[in-house]
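First comes the structure, then the notes that go with it.
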Amino acid sequence: MRMRNTLICTVGTSLFESNLRRLSEDTPERPENWQEIKTRFDKGNWNELARELLKVDPNHRICGAEINTIEEARKKKWLELKNLVLLVSDTEAGRNTGHVLKEYFKGREDLKLQQIELREVEQLQDTEPKNFKIHGLRNLVRVIGDFVQRFGKEYVAIDATGGYKAQIAVAVLIGQALDIPVYYKHEKFSEIIDFPPLPISLDYDLLGRNSDILTDFERNGTYAKSELGEFDEKLRVFLTEVEINNEPVFELNAIGQLYLTSFRLRYPKVANLKALSDSERKDPTFRDDHYPIGFKEFVEKVWRENRWIKTCWSMSYHGQRSIKGIGFVVKKDGNKNILVGTYQDKDDFGARFQVVLADESNESLNWAADQLNQKYRE
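The opening position of the sequence shown corresponds to residue 3 in our numbering, with each subsequent residue numbered one higher.
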């Protein structure tokens, strides 16, 4: 079993609001240097405040939940702490708390940390609830996903002690989706508790079938129900519905972002999709039809730029009026699945083509649809 060495911590503001702002001579078990701590806090001298906190036992409640939890976690057998990531809210209090914590841990020479990173999560704030729900929590998923990809999910653990309650819930979901342990410590608990990964799996075939529209939603697209037309009802769990001008409008929610992020972290590449030699590939072929302007050139470009594609060929015009832009989806063709690309020119004239891969397993088809949409979707 690999030792986890990276702790991603959600940071709240209780250190400031619950602890330091209320610090006084009436505070039970106050530290000896409480007056110096209070003075630095009141003056907003964050670097000196961090230095004063370094003089206090890190298990002392006055140090706050983040310091307390990290101090306990580092004693666990599963963690050999080398990298610390602090995720703070998009608020002045969040930024200031994060600054103090970063300076504090920089001063903890006994921890021998190799990296301490502070990252602000955009739109994670409490003044605009809609932006918090739609964008803030999605951005939290993205940021955690970035760090998991960078350090490797087998080396990462999440400390979800600090921050908004919804933040903690999302962090637990991320852990479940990515097989990452999540830890939490309530101020009344004597020790941290864990949320071990559950033996669950997500249906990523849904992504393949709807990769084009999910790509649009991820790019912060909002779509009225009338624009979407008929769409897979299973997608509703990934969408938030709001009403604008008396019409339902859909946006990707945090669960939808988690679904996409977890897929990409589980499948950064597919083992069976390797670059093919020239002899294993065949130039795209086209039926003797009238095609949209630039269609052939686009198909050849996709084939040329992705060497794990064997070949491509044009498909029948049946249903071409339903084509909306450039996109890629996995579709049923008899008793098997195939990858279908769509193209539409400036006159809204569209055509379809099949993309034939080196490996046509569902895993490969889903991965290819997501990759190609990220690269070419319009």
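All residues carry an ideal CB built from backbone N, CA and C; glycine is no exception.
**Asked** Who are the near neighbours of P183 in its chain, counting only those whose CB is closer than 8 Å to its CB and skipping five residues on each side?
**Response** Closer than 8 Å at the Cβ level, and outside the excluded window around P183, lie R6, W80, A159, I160, G177, D196, F197, P198, P199.
**Asked** Residue range of the alpha helix (DSSP H) that W2 falls in?
**Response** This structure leaves residue 2 out entirely; the chain is present only between 3 and 380.
**Span of the alpha helix (DSSP H) around T313** = No alpha helix (DSSP H) holds T313; the beta strand (DSSP E) holding it covers 311–316.
**Prompt:** Using the rule of at least 16 other Cβ atoms within 10 Å of the residue's Cβ for burial, across every protein chain shown, is I246 buried or exposed?
**Reply:** exposed
**Request:** Name, in chain order, the residues that DSSP records as bridge partners for F197.
**Result:** V184
**Item:** V58 - containing beta strand (DSSP E), residue span
**Value:** Looking at the DSSP string, V58 is not in any beta strand (DSSP E), and its letter there is neither H nor E.
**Item:** A52 vs Y106 beta-carbon contact at 7 Å
**Value:** yes
**Message:** Which residue marks the beginning of the alpha helix (DSSP H) containing Q356, and which one marks its end?
**Reply:** Per DSSP, Q356 belongs to no alpha helix (DSSP H); it is in the beta strand (DSSP E), 352–359.
**Request:** From the DSSP output, in three-state form, read off Q117 for me.
**Result:** Of the three classes helix, strand and coil, the one that applies to Q117 here is strand, per DSSP.
**V145 - DSSP class collapsed to helix/strand/coil** = helix
**Message:** DSSP three-state label for G329, please.
**Reply:** strand
**Prompt:** Quick one: what does DSSP say V342 is sitting in, helix, strand or coil?
**Reply:** DSSP, read as helix, strand or coil, puts V342 in strand.
**Request:** Quick one: using the 10 Å Cβ neighbour count with 16 as the cut-off for buried, is V332 buried or exposed?
**Result:** The residue is buried, with at least 16 neighbouring Cβ atoms inside 10 Å.
**Prompt:** If you drop the 5 nearest sequence neighbours on each side, which residues of the same chain put their C-beta closer than 8 Å to that of V251?
**Reply:** Same-chain partners within the cutoff: T224, Y225, A226, K227, E243, V244, E245.
**Message:** For a quick check, are the C-beta atoms of N274 and D361 less than 7 Å apart?
**Reply:** yes
**Prompt:** Between which two residues does the alpha helix (DSSP H) carrying T242 extend?
**Reply:** Note, T242: premise wrong, no alpha helix (DSSP H); beta strand (DSSP E) at 241–246.
**Request:** Determine the burial state of A277: buried for a count of at least 16 other Cβ atoms within 10 Å of its Cβ, exposed for fewer.
**Result:** exposed
**Request:** Assuming T8 and F153 form a contact by the criterion Cβ under 8 Å, report the distance between their Cβ atoms to the nearest whole angstrom.
**Result:** The pair is a contact, with the Cβ atoms about 4 Å apart (cut-off 8 Å).
**Message:** Comparing C-alpha positions only, which one of G138, K40, Y157 sits nearest to A256?
**Reply:** Comparing Cα positions, the closest option is G138.
**Request:** Note down the Cα distance separating G327 from D285, rounded to an integer number of angstroms.
**Result:** 23 Å
**Prompt:** From W315 to G336, what does the alpha carbon distance come to, in whole angstroms?
**Reply:** Computed Cα separation, rounded: 18 Å.
**Request:** Quick one: residues in its chain with C-beta nearer than 7 Å to the C-beta of L254, no 5 flanking neighbours on either side, listed in chain order?
**Result:** R140, F219, E220, F240, L241
**Request:** Mark K187 as exposed unless 16 or more other C-beta atoms lie within 10 angstroms of its C-beta, in which case mark it buried.
**Result:** Counting Cβ neighbours within 10 Å, K187 comes out buried, since at least 16 surround it.
**Asked** Which class does E249 belong to by DSSP, given the choice of helix, strand or coil?
**Response** strand
**Message:** With distance defined between alpha-carbon atoms, name the residue in A168, W305, E299, W369 nearest to T263.
**Reply:** W369
**Asked** What is the residue span of the beta strand (DSSP E) that A256 lies within?
**Response** Note, A256: premise wrong, no beta strand (DSSP E); alpha helix (DSSP H) at 256–268.
**Message:** Quick check: K236 and L208, are their CB atoms within less than 7 Å of each other?
**Reply:** yes
**Item:** Neighbourhood of K298 by C-beta, 7 Å cutoff - its chain only, sequence neighbours within 5 removed
**Value:** Around K298: F288.
**Message:** At the level of alpha carbons, what is the spacing between A353 and S366?
**Reply:** 23 Å
**Message:** Are there any heavy atoms of the ligand COA lying less than 6 Å away from the beta-carbon of F219, as far as the coordinates show?
**Reply:** Annotation note on the ligand COA: not contained in the displayed structure, which lists no ligands.
**Message:** Pull the bridge partners of D234 from the DSSP assignment, please.
**Reply:** None, per the DSSP bridge assignment.
**Request:** Assuming V123 contacts V145 (C-beta within less than 8 Å), just tell me the rounded distance between them.
**Result:** 5 Å
**Request:** Could you work out which residue in T313, V272, R266, G100 is closest to V143 when comparing CA atoms only?
**Result:** R266
**Prompt:** For the alpha helix (DSSP H) that D214 lies in, which residues bound it at each end?
**Reply:** According to the DSSP assignment, D214 belongs to the alpha helix (DSSP H) that extends over 213–220.
**Asked** Helix, strand or coil: which one does DSSP assign to E122?
**Response** strand
**Item:** Helix, strand or coil at L88 [DSSP, three-state]
**Value:** strand
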